[in-house]
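Shown next, in structure tokens, is the structure this report addresses.
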Amino acid sequence: MKTIRIGIIGCGRISRQHVPRFKRIDDKSKSEIVAVYDIKPAKARQCLADNGISAKVCRSLDELLAQPIDAVVIATPNDTHCPLTLKAIAAGKHVFVEKPMAGSIADAEKMIRAAEAKGVVLLVDQSFRYMPLYQAVKKELDKGVIGNIIHIHCIRTGRSTPNVGWSPGANWYVQKKHSGGVIFDHAVHMADVLQWFAGPIKTVQSTARTRGMQAVIHSMSLFDFANGATGVLEHAWNFPTGVTRLEIYGDKGMILFPEVMRAEFYRSGETKPYKILSGKPDESIDTSAQSEAPIVVKPVPTAQETFLKAVAAKKSGMWNEGRQALAACTAILEAAESRKPVKVRYHKEK
Ligand SMILES: NC(=O)c1ccc[n+]([C@@H]2O[C@H](COP(=O)([O-])OP(=O)(O)OC[C@H]3O[C@@H](n4cnc5c(N)ncnc54)[C@H](O)[C@@H]3O)[C@@H](O)[C@H]2O)c1
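The numbering of the sequence shown is the numbering used here, which starts it at 634 and goes up by one.
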């Protein structure tokens, strides 16, 4: 496969994951980081030094887009995703953009139209669906181990707002004008995973808290899935401790993760049991029949590898997962603000 030449836009905290992952990619889907650009050039230089690579440090977006690159990675604050994507697409580049896809559905639709018109790949980094843990759960669900999903419940909390813990000083994370807030930051991941597991959501009801900040830092939502299943999704940035609990109830049993957070980061080769409980609603569960299945963490293609393969194959429609996740998050925010149920607005083919 031809080497895909990459330009990185935004060299902050998350670029520390993208750069080494693109650098490590093997012969099957080769990539080379050719140029980097950050509005703070020192960050671009630091990013190269930290990863031991040499690439051109550009002084402007136009300079980066004029380099011999096939694709860009956009890893900047949320409200910049749409304008930067549109400029990159206009220059004929494939785009791997961070989640959330955009700050609004209207912006996401502009990005889709531009990518389809130009015939370039547009993939959103919904990184949770590339985690071995969730891939393993999806396989169990597809095998029918718990039957059809009737309810799904997830709470995920952190211990600090991202401008304190994750990327100190990155205050855009807690500002609504930059599309900050926990809904676009965290709920966008689990809303994606929940829709991957249980299908599209029809309506959302929610409530949220800002607790003196400029953006939502805690949100609780009820989902009505199109297939009749229900869901509860709760996210908070700064609770006293960080946890993730995920419970998936089916008509033949359930899958329980009392503490899933660490399991998301198991390295390849590690195994850990998770519980699959058999039993039907209205019947008492036979506890002697409970099973503990190992999550065998096998390497799965990363989002970066998926992007390179899509570029090589010039795949269209790769934006869909990001668009669906954004649809759910926009509905969560609108429902919290209006205190009314909100319909989820997915992409409609014209
Ligand atoms: N997929 C994931 O799991 C994941 C995890 C964390 C963050 N993210 C996303 O990645 C993006 C970046 O997050 P971060 O934590 O790296 O933020 P950050 O604030 O640490 O870094 C952002 C960088 O972008 C630069 N920048 C700002 N505006 C720019 C512009 N117009 N052009 C070029 N550079 C610009 C800043 O100077 C900064 O260095 C966000 O959209 C965030 O939601 C995704």
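Just so you know, even glycine gets a beta-carbon here, dropped at the ideal spot from N, CA and C.
Owing to the predicted nature of the structure, the values given are computational and were not obtained by experimental measurement.
Taking 9 Å as the cut-off, the beta carbon of residue 756 is found no closer than this to the beta carbon of residue 642. Burial state of residue 781 is exposed, judged by a 10 Å Cβ sphere holding fewer than 16 other Cβ atoms.
Not one heavy atom of ligand 1 falls within 8 Å of the beta-carbon of residue 979. In the three-state scheme derived from DSSP, where H, G and I count as helix and E and B as strand, residue 794 is classed as coil. Residue pairing from DSSP places residue 842 in a beta bridge opposite 851. Ranking 882, 697 and 700 by CA distance to the CA of residue 861 puts 882 first.
In summary, residue 701 is exposed, with fewer than 16 beta-carbon neighbours lying within 10 Å of its beta-carbon over all protein chains present. Bounds of the alpha helix (DSSP H) holding residue 716 are 714-723. Here the stretch 763-773 does not lie against the stretch 848-860, with fewer than 3 beta-carbon pairs under 8 Å apart.
DSSP places residue 674 in the uninterrupted alpha helix (DSSP H) bounded by 674-684. For residue 837, the closest C-alpha among the options 675, 867 and 877 is that of 867.
By DSSP's assignment, residue 706 forms a beta bridge with 641 and 729.
Per the C-alpha coordinates, the member of 691, 835 and 843 positioned closest to residue 675 is 691. The stretch 787-807 and the stretch 869-885 touch, with no fewer than 3 CB-CB distances between them shorter than 8 Å.
For residue 878, the enclosing beta strand (DSSP E) covers residues 871-883. Taking 8 Å as the upper bound for CB-CB distance, residue 741 and residue 734 are in contact here, some 5 Å apart. If you draw a straight line from the Cα of residue 640 to the Cα of residue 973, it comes to about 43 Å.
DSSP places residue 745 in the uninterrupted alpha helix (DSSP H) bounded by 738-751. When secondary structure is reduced to three states using DSSP, residue 836 falls in the strand class. In the three-state reduction of the DSSP assignment, residue 962 falls in the helix class, which pools H, G and I.
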